[in-house]
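Novice:
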Amino acid sequence: MTVLDHRDQADPGVVPGWLPGATAPRTDPAPLLPDDEPLRVLGTPAADKADPALLRELYRRLVAGRRYNQQATTLTKQGRLAVYPASTGQEACQIAAALALRSDDWLFPSYRDTLAVVARGVDPLEALTLLRGNAHTGYDPRATRTAPLCTPLATQVPHAVGLAHAARLAGDDTVALALLGDGGTSEGDFHEGLNFAAVLHAPVVFL
Ligand SMILES: Cc1ncc(C[n+]2csc(CCOP(=O)(O)OP(=O)(O)O)c2C)c(N)n1
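Here the working numbering is used: the first residue of the sequence shown is 1, the next is one more, and so on.
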């Protein structure tokens with residue numbers, strides 16, 4: 001039996017039969033750091049083509065979302081919410097993703113995606129019901145096509161895949177969007193969900 005041991009190699013990142021660099025720790029921080037120059041959208045040719053009314057509406061939602069995060073966090077300090085995982089700094093990601101859905105598509109959010117739920121049209125107060133410790137969601141998942149905020153990591157992923165697969169079998173033109181954090185990608189549910197989605201050609205987007 002050949003034992004692969006990178007300690008015997010001149011370059012510890014190279015092991016015969018293994019991907020280059022697969023075993024060595026990553027020492028160059030450059031690919032892990034953000035660019036010095038922030039990504040610029042306003043004033044670019046792409047932005048010039050966007051509808052100014054749409055841009056204002058998107059910005060309005062971001063400002064309202066930032067304020068919502070602030071207020072909901074305050075409610076936890078007052079003991080009026082059990083917990084509020086804020087999305088401060090990443091509001092645009094979830095709001096824009098939810099707005100890209102059609103009304104008959106489905107959203108499968110995690111506990112941190114309250115703003116995506118509000119962007120789906122759910123009442124901002126009702127979107128907090130679960131985080132208040134109530135046993136029910138506060139909104140009707142079927143009517144809003146928005147699943148409950150999911151606290152067990154990545155369990156929303158196979159739910160989204162199952163719904164998308166069922167919709168495809170039924171001939172519905174429905175897409176499911178599953179939101180999750182990078183930590184959630186370490187869960188089996190994430191890998192199982194992706195695997196099933198690929199094998200079954202389920203119309204689901206993972207973000
Ligand atoms: C199955 C499961 N294990 C552990 C936890 C506890 N937990 C809650 S949040 C969290 C970290 C998740 O990180 P990430 O997916 O990156 O999302 P973030 O909260 O950073 O947005 C953990 C381990 C959980 N909710 N569910």
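Positions of the beta carbon are idealized from the N, C-alpha and C atoms, including for glycine.
Please state whether DSSP places Ser110 in a helix, a strand or coil.
Specialist: As a position in the sequence shown, residue 110 is number 110, starting the count at 1. In this structure, Ser110 counts as strand in the three-state DSSP scheme.
Novice: Output the distance between the C-alpha atoms of Thr144 and Pro124, rounded to the nearest integer angstrom.
Specialist: By 1-based counting over the sequence shown, the position of residue 144 is 144. By 1-based counting over the sequence shown, the position of residue 124 is 124. Rounded to the nearest angstrom, the two C-alpha atoms are 13 Å apart.
Novice: Suppose you measure from the CA of Ala47 to the CA of Leu99; what does that come to, to the nearest Å?
Specialist: Counting from 1 along the sequence shown, the entry for residue 47 is found at position 47. Counting from 1 along the sequence shown, the entry for residue 99 is found at position 99. Rounded to whole angstroms, Ala47 to Leu99 spans 18 Å at the Cα level.
Novice: For Thr146, collect the residues of the same chain with a Cβ closer than 8 Å to its Cβ; drop the 5 residues on either side in sequence, then sort them by chain order.
Specialist: As a working note, residue 146 is residue 146 in the sequence shown. Listed in chain order, the non-local C-beta contacts of Thr146 below 8 Å within the same chain comprise Trp106, Leu107, Pro109, Val117, Arg120, Val122 and Tyr139, local neighbours out to five positions each way being set aside.
Novice: CB of Thr44 to nearest heavy atom of ligand 1: below 7 Å?
Specialist: To locate residue 44, count along the sequence shown from 1; it is residue 44. No, the Cβ of Thr44 stays beyond 7 Å of every heavy atom of ligand 1.
Novice: Tell me which same chain residues have a C-beta within less than 7 Å of the C-beta of Pro85, skipping the five on either side of it?
Specialist: Here residue 85 refers to the residue found at position 85 when the sequence shown is read from its first residue. Same-chain partners within the cutoff: Tyr111 and Arg112.
Novice: For chain E, check one thing: does any of its Cβ atoms lie closer than 8 Å to the Cβ of Ala53?
Specialist: Going by chain labels, chain E is absent from the structure shown, which holds only one protein chain.
Novice: Going by the C-beta, is Arg102 closer than 7 Å to any heavy atom of ligand 1?
Specialist: Residue 102 sits at position 102 when you count from the first residue of the sequence shown. Arg102 Cβ: outside cutoff for every heavy atom of ligand 1.
Novice: When burial is assigned at 16 or more other CB atoms within 10 Å of the CB, is Arg67 buried or exposed?
Specialist: Residue 67 sits at position 67 when you count from the first residue of the sequence shown. Exposed, since its Cβ has fewer than 16 Cβ neighbours within 10 Å.
Novice: Given this structure, state the Cα-to-Cα distance separating Asp189 from Ala154, to the nearest angstrom.
Specialist: Within the sequence shown, residue 189 is the residue found at index 189, counting from 1. Within the sequence shown, residue 154 is the residue found at index 154, counting from 1. Spanning the two alpha carbons is a distance of roughly 6 Å.
Novice: Looking at C-alpha atoms only, which residue of Ala202, Leu33, Glu126 and Tyr59 is the closest neighbour of Ala167?
Specialist: Residue numbering aside, residue 167 sits at position 167 when the sequence shown is read from its first letter. For the options Ala202, Leu33, Glu126 and Tyr59, the alpha carbon positioned closest to that of Ala167 is the one of Ala202.
Novice: Based on the DSSP secondary-structure assignment, which residues constitute the bridge partners of Thr146?
Specialist: Taking the sequence shown and counting its residues from 1, the one referred to as residue 146 is at position 146. Thr146 is bridged to Leu107.
Novice: Could you tell me the distance, in whole angstroms, from the CA atom of Arg142 to the CA atom of Glu37?
Specialist: For this step, residue 142 is matched to residue 142 along the sequence shown. For this step, residue 37 is matched to residue 37 along the sequence shown. One Cα belongs to Arg142, the other to Glu37, and the distance between them is close to 43 Å.
Novice: What beta strand (DSSP E) runs, 3 residues minimum, are completely inside the stretch 21-64?
Specialist: none
Novice: Over the uninterrupted alpha helix (DSSP H) stretch that includes Val199, give me the two end residues.
Specialist: For the purposes of this step, residue 199 is identified with residue 199 of the sequence shown, where counting begins at 1. Its alpha helix (DSSP H) spans residues Gly188 to Leu200.
Novice: Who sits around ligand 1, taking every residue whose Cβ is closer than 5 Å to one of its heavy atoms?
Specialist: Chain-ordered list of matching residues: Arg112, Pro152, Leu153, Gly181, Asp182, Gly183 and Gly184.
Novice: Do Ala135 and Gln156 have their C-beta atoms within less than 8 Å of each other?
Specialist: The sequence position of residue 135 within the sequence shown is 135, counting from 1. The sequence position of residue 156 within the sequence shown is 156, counting from 1. Against a cut-off of 8 Å, the Cβ pair of Gln156 and Ala135 comes out as no contact.
Novice: Can you say whether Gln94 is buried or exposed, counting buried as having 16 or more other CB atoms within 10 angstroms of its CB?
Specialist: The sequence position of residue 94 within the sequence shown is 94, counting from 1. Buried, since its Cβ has 16 or more Cβ neighbours within 10 Å.
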